[in-house]
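What follows is a set of notes on a single structure, which appears directly below.
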Amino acid sequence: MKLIFASDSFKGSLSSRRTAELLAKAAREVFGALNGEIINTPFVNVCCIDSIR
1268 MKLIFASDSF
1278 KGSLSSRRTA
1288 ELLAKAAREV
1298 FGALNGEIIN
1308 TPFVNVCCID
1318 SIR
């Protein structure tokens, strides 16, 4: 099984990296030892990228 988490941040409380860590931890608790991998990648709001350029 492969789980992919593309998490976003929660304003003022959790970064996207921390959100992904918590999702992975919860997945391990629910599914036990996974015979696969968990991929964490932060979600980037593309509407904000254009304003930076």
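Residue numbers for the sequence shown follow my numbering, so the first one is 1268 and each next one is one higher. All residues carry an ideal CB built from backbone N, CA and C; glycine is no exception.
key: Where the alpha helix (DSSP H) through Ser1274 begins and ends   = Counting along the chain, Ser1274 falls outside any alpha helix (DSSP H), though it belongs to the beta strand (DSSP E) covering Lys1269 to Ser1274.
request  = Please name the residue in Met1268, Ala1287, Ile1271 and Lys1269 whose C-alpha comes closest to that of Phe1277.
outcome  = It is Ala1287.
task = Just confirm the distance between the C-beta atoms of Phe1310 and Ser1280, as a whole number of angstroms; I'd bet it's less than 8 Å.
result = In this structure, Phe1310 and Ser1280 do not form a Cβ contact; the two beta carbons are roughly 16 Å apart against a cut-off of 8 Å.
query = Under a three-way DSSP split, which group does Phe1277 fall into?
reply = Of the three classes helix, strand and coil, the one that applies to Phe1277 here is strand, per DSSP.
query = Around the Cβ of Phe1272, are there at least 16 other Cβ atoms within 10 angstroms (buried) or fewer (exposed)?
reply = By the Cβ-count criterion, Phe1272 is buried, with 16 or more other Cβ atoms from all chains shown falling within 10 Å of its own Cβ.
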